[in-house]
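Order-wise, the sequence lines are chains A and B. If you read the first sequence in this note's numbering, its first letter stands for residue 1, the second for the next number, and so on. If you read the second sequence in this note's numbering, its first letter stands for residue 1001, the second for the next number, and so on.
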Amino acid sequence: MLDANPPQNRTGGLLEFKDVGKTYGQTVALTQFSHRFTPGKVHALMGKNGSGKSTLVKILAGVILPSEGTIRVNGADAIFHTPHDAFGAGVVTVHQELSLIPSLSIGENIFLGRLPMARRFGLTMVDWPKLHRDATALLHEMGLDLSSHQLVSTLSVGQQQVVEIAKAMSFNPSVLLLDEPTSALATREVHLLFTLVRRLRERGVTILYITHRMNELFEIADTCTVLRDGLFAGSVEMTQATPASIVEMMFGETAKAKRPARKVIDRSGAPVLRVEGLTRQGLFSDISFTVHRGEILGIAGLLGAGRTEVMRAIFGADRVDAGSITVNGKTFTAATPKQMKEVGLGYTPENRKEAGLVQILSTHDNLCLASLGHIAPSGVVTRAREQAYVSRQISDLAIKVPEPMLPVSALSGGNQQKVVIGNWLNTQPKVMFFDEPSRGVDVQAKRQIFDIIWDQAERGLAAIFVSTELEEVLEVADRILVMRQGRVVAEVDPTATTLAELYRLCMEGPTA
Amino acid sequence: MTVSMATKAGPNPVVRLIKTYPMELILIVLVVLLILTAPGFASMRNLLNVLRAGAMLGIIAFGMTAVIIAGEIDLSVGAGAALAGTIVAWFSGALVDYVGGAMAALIGFVAAVGVGFVVGFSVGKFRQWFNVPSFICTLALFTALRGFANLITGGFPLTTFPPGFDFFGGGYLLGIPFPVYIFALTFAGMHFLMNFTSFGRAVYAVGGNMEAARLSGIDIWWVKSMTLGLTGIMTAISGTLIASQIGSGTGTTATGLELDVIAAVIIGGTSLFGGKGRIWGTLIGVLFLGCISNGMTLLNVSEYWQYVVRGGIILGAVLLNQVLERVR
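Here it is as structure tokens:
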């Protein structure tokens, strides 16, 4: 049980790190992090993927224990074995993923797991009047015009985020961690959030604010602390910072990515894929681009920029509101994955476990999933007929599989990803979308997957490559589109740009 | 398909056999036990009766296997079978003066099959268009179809079948009950469909992971609807055979049939979570249920205990599959 009445007025938390480090086996996630977060300020925490930022958040949230070093909250040593320990010390984290239950009221969500009880008619039961009274008081105190009785499902994402923060504040924290709170918000809702953050700062709460958005730093943060490759890279007062100086701290001196010699792409003919004015309200708008035979088009963008949404829409997996897609001269304004497959599109989804593979079926079956129409034009299919297709992909893609008839779930992440790719290559596609093909695979498999993409492009496949790791986009693609908040904002030549430059383009706000 | 399991080499051939064919072995043990203890079990006449009874539910069970592998369920097959019988009987009576008895019954049969298919297929479409789970849709049909059956008959059994119609449900061909041929044909057809056609492979994919199947360009709703439609056809066939056997179309027949059908599918190792199961397994499940009911009757086990035992068997079979899943 959580304490329903935490100590009052515990604001003004001083948060100190001394030589804090975290290693996972051989992997070093965070090294000797020492910093003092002064009370009553908004401290931004920045760093690219793998910088150790999330490790720091997890340590403070009580999800993992540091391997070394000490953390002090208001001078007292703090070791958080569980999230409960963190609450007890007055450190509360609002995670990026919302954790509210849509079908319950705001009030019940706030006090979930610690509902106030009362004894009535000889029975201990939930004290609903008190619950809603307390929740209403909390919401008013934070300047929120929401009814405690309202169902969370009726709220906008921004309002839900705010309720999430109200829930965190009900623990009366002295340190509040906000992990990318604006990543899912529309601009208008960001203001609602910022108003709340400023109000909390006035009350003296120390806020750690994690974000990818450059312009937010200058709007809301007092200081900015940067991590790079698990190391403390620097900390500045925002009054003395420029976007350029922060990007420099994040990347240090960056070298250009290495890539193999690629032949010159012939862009004279008609493109294999032409997308024009593709729009879906609230997700992306006016997306237009072309891809030619043998070309690898990279799409760069931060999480939530709309990359996956655009690809799924082109493939017909999600609907679009406007725009058209032309594949090999055939134009569609609405399509299904089946139709898109027939005209030569392939799509390897970002989450292979949930959307790419049927885990309980065999590797054999998974390699034939998309290509049954090719293998069996008459509808009758035998193992023997499928075998040629299965064997070819296993050898071409060097899939390590002891027994193709066993469930695909037994394979490693890299090999599973190759099965997803092989499944589509069996359909002999003209255009392939690779959505995060390197996620959760080891370094060697990643190299092999890039080699497969390059090799297929050599043979004439038009590939569209998406990765959260900008280094990879830079390395793999022949041309890069940069997406930001559902729009294509730039097109760059990977040989003529740097990682820092690409990152800057992906982030919002004033240019350096 | 037994291929995937047989290739998993265990250390001991006996252990491997038990792990690979658990229900088959249990069925063999059961049959041996019944031959030794139940008087008259081993007689040809009795065995053929077991098969005939098994055929009525087995024909539907093969379709149900596909439905469950596709991740859906059909609770309306008992009511559907009753309705089919009354449709055939109604047409037989209404058209006999115009086209003759045999043709009237044939028209009735075609109509019943058509209704079965359309109703089943619509269940899938309801799921697609209105997001109504097949459990709910077929629960509604479970009562509604029986209602329609009774509306057609007016509450009294319709004995309007042409002479000789009783052959289909009760007659013998070359010494074997006619329904057993239909049972065997359905088995062969469904085994072929599920293992040797792209449709069958799609059923497994859709049930195993709907999103992955959809993104692989499989028309998931067509696949699901077709499995339900096929089951509707098989329900109509079985319902016609039952009506033929009892000599009338009536709304009160085949009560509880849906539960026996689903039980046979589950005993056969098909997972209610979808994506996993075999037509062969369902054949074993049907035979197992048939033998145990027949055996218990021969051994004079009270009807009430029979219900308890059958409940225990369903639970036991699922537990066995779960345990084997872990040790495999």
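Beta carbons: idealized from backbone N, C-alpha and C, even for Gly. Remember, predicted model here, so these are calculated numbers, not experimental data.
Roughly how many whole angstroms lie between the Cα atoms of residue i and residue j?
| i | j | result |
| --- | --- | --- |
| Leu1257 of chain B | Gly1078 of chain B | 5 angstroms |
| Gly373 of chain A | Val380 of chain A | 10 angstroms |
| Lys18 of chain A | His35 of chain A | 7 angstroms |
| Arg504 of chain A | Arg484 of chain A | 11 angstroms |
| Glu551 of chain A | Met405 of chain A | Given that chain A is displayed from residue 1 to residue 512, the structure contains no residue 551 of chain A and the question cannot be resolved. |
| Arg1016 of chain B | Gly294 of chain A | 50 angstroms |
| Asn1049 of chain B | Cys1291 of chain B | 10 angstroms |
| Ile1088 of chain B | Asp1097 of chain B | The sequence shown places Val at residue 1088 of chain B, rather than the Ile named in the question. Cα-Cα distance, rounded: 15 angstroms. |
| Gly1085 of chain B | Phe1168 of chain B | 12 angstroms |
| Phe1183 of chain B | Val1261 of chain B | 13 angstroms |
| Leu501 of chain A | Gly90 of chain A | Note on residue identity: the sequence assigns Glu, not Leu, to residue 501 of chain A. Computed Cα separation, rounded: 39 angstroms. |
| Gly237 of chain A | Asp222 of chain A | In the sequence as displayed, the identity of residue 237 of chain A is Glu instead of Gly. Spanning the two alpha carbons is a distance of roughly 6 angstroms. |
| Ala313 of chain A | Thr468 of chain A | 19 angstroms |
| Pro1013 of chain B | Pro402 of chain A | 21 angstroms |
| Tyr1181 of chain B | Asn1131 of chain B | 38 angstroms |
| Val1031 of chain B | Ser1043 of chain B | 12 angstroms |
| Phe37 of chain A | Ala477 of chain A | 40 angstroms |
| Ile71 of chain A | Thr27 of chain A | 22 angstroms |
Short of 8 angstroms in beta carbon distance, which residues of its chain neighbour residue i, apart from the five on each side in sequence? Order them along the chain.
| i | result |
| --- | --- |
| Thr279 of chain A | Ser285, Asp286, Ile287, Val320, Asp321, Ala322 and Gly323 |
| Ala257 of chain A | Residue placement at Ala257 of chain A is flagged as unreliable, the pLDDT there being 46, under the threshold of 50; the coordinate-derived value follows with that caveat. Contacts found: Glu471, Leu474, Glu475, Pro494 and Leu499. |
| Leu138 of chain A | Ile110, Ala166, Met169 and Ser170 |
| Lys130 of chain A | Pro116 and Ala118 |
| Gly346 of chain A | Ala370, Trp424, Leu425, Thr427, Pro429, Val431, Met432 and Phe433 |
| His149 of chain A | Ser105, Ile106, Gly107 and His132 |
If the criterion is Cβ atoms closer than 8 angstroms, does the pair residue i and residue j meet it?
| i | j | result |
| --- | --- | --- |
| Met1023 of chain B | Phe1273 of chain B | no |
| Ser1238 of chain B | Ala1081 of chain B | yes |
| Gly1058 of chain B | Ile360 of chain A | no |
| Leu367 of chain A | Val343 of chain A | no |
| Met1210 of chain B | Ala1066 of chain B | no |
| Pro39 of chain A | Gly62 of chain A | no |
| Leu1228 of chain B | Val1123 of chain B | yes |
| Gly1217 of chain B | Pro337 of chain A | yes |
| Gly1269 of chain B | Asn1321 of chain B | yes |
| Val488 of chain A | Phe315 of chain A | no |
| Asp365 of chain A | Arg1201 of chain B | yes |
| Met1233 of chain B | Phe1117 of chain B | In the sequence as displayed, the identity of residue 1233 of chain B is Ile instead of Met. Yes; because the gap between Cβ atoms is below 8 angstroms, this pair is in contact. |
| Ile1060 of chain B | Thr1253 of chain B | no |
Apart from the five residues just before and just after residue i, which ones in its own chain have a Cβ nearer than 7 angstroms to its Cβ?
| i | result |
| --- | --- |
| Ala255 of chain A | Unreliable placement is indicated for Ala255 of chain A, whose pLDDT of 46 sits below 50; the coordinate value is still reported in the next sentence. Once the five neighbours on either side are set aside, Ala255 of chain A has no close Cβ partner at all. |
What are the boundary residues of the alpha helix (DSSP H) that residue i is part of?
| i | result |
| --- | --- |
| Ser54 of chain A | Lys53 to Ala61 |
| Glu386 of chain A | Arg383 to Asp396 |
| Ile1215 of chain B | Note that residue 1215 of chain B is Leu in the sequence shown here, rather than Ile. Unbroken alpha helix (DSSP H) run through Leu1215 of chain B: Met1210 to Leu1215. |
| Ile1026 of chain B | Pro1022 to Thr1037 |
| Leu227 of chain A | Segment Thr223 to Arg228 is the beta strand (DSSP E) holding Leu227 of chain A; no alpha helix (DSSP H) there. |
| Pro1226 of chain B | Looking at the sequence provided, one finds Met at residue 1226 of chain B rather than Pro. Segment Ile1220 to Ile1246, the alpha helix (DSSP H) holding Met1226 of chain B. |
Please go through the same chain and pick out, in chain order, the residues whose beta-carbon is closer than 6 angstroms to the beta-carbon of residue i, but skip the five residues on each side of it.
| i | result |
| --- | --- |
| Met1190 of chain B | Phe1062 and Ile1279 |
| Lys22 of chain A | Ala29, Leu30, Thr55, Pro66 and Ser67 |
| Gln1306 of chain B | Met1296 |
| Ala1317 of chain B | Ile1267 |
| Ile64 of chain A | Lys58 |
| Thr1160 of chain B | Ala1089, Ser1092 and Gly1093 |
| Ala135 of chain A | Gly107, Ile110 and Ser148 |
| Arg1127 of chain B | Ser1134 |
| Asn1150 of chain B | Gly1251 |
| Ser51 of chain A | Leu227 and Arg228 |
Please list the partners that residue i has in chain D, where partner means a Cβ-to-Cβ separation under 7 angstroms.
| i | result |
| --- | --- |
| Glu1211 of chain B | Protein chains in the displayed structure are A and B, and chain D is not among them. |
Between which two residues does the beta strand (DSSP E) containing residue i stretch?
| i | result |
| --- | --- |
| Arg459 of chain A | Taken as a continuous stretch (DSSP letters only), Arg459 of chain A belongs to no beta strand (DSSP E), as it is neither H nor E. |
| Gly234 of chain A | Leu231 to Glu237 |
| Glu403 of chain A | Looking at the DSSP string, Glu403 of chain A is not in any beta strand (DSSP E), and its letter there is neither H nor E. |
| Gln513 of chain A | Residue 513 of chain A cannot be examined here, being either before or after the span of chain A that is shown, 1 to 512. |
| Glu491 of chain A | Arg487 to Val492 |
| Ala300 of chain A | Ile296 to Ala300 |
| Asp286 of chain A | Phe284 to Val291 |
| Met46 of chain A | Val42 to Met46 |
| Met483 of chain A | Arg479 to Arg484 |
Which ranges does the beta strand (DSSP E) cover as unbroken runs of at least 3 residues, wholly within the segment 74-162 of chain A, from first to last along the chain? 91-94, 117-120 and 123-126
List in chain order: all unbroken alpha helix (DSSP H) runs of 4+ residues lying wholly within the segment 326-391 of chain A. 337-342, 363-368 and 372-375
Residue ranges of each alpha helix (DSSP H) within the segment 1248-1280 of chain B, 4 or longer: 1257-1267
Report the start-end ranges of each beta strand (DSSP E) in the segment 398-447 of chain A that is 3 residues or longer and not cut off at the edges. 431-435
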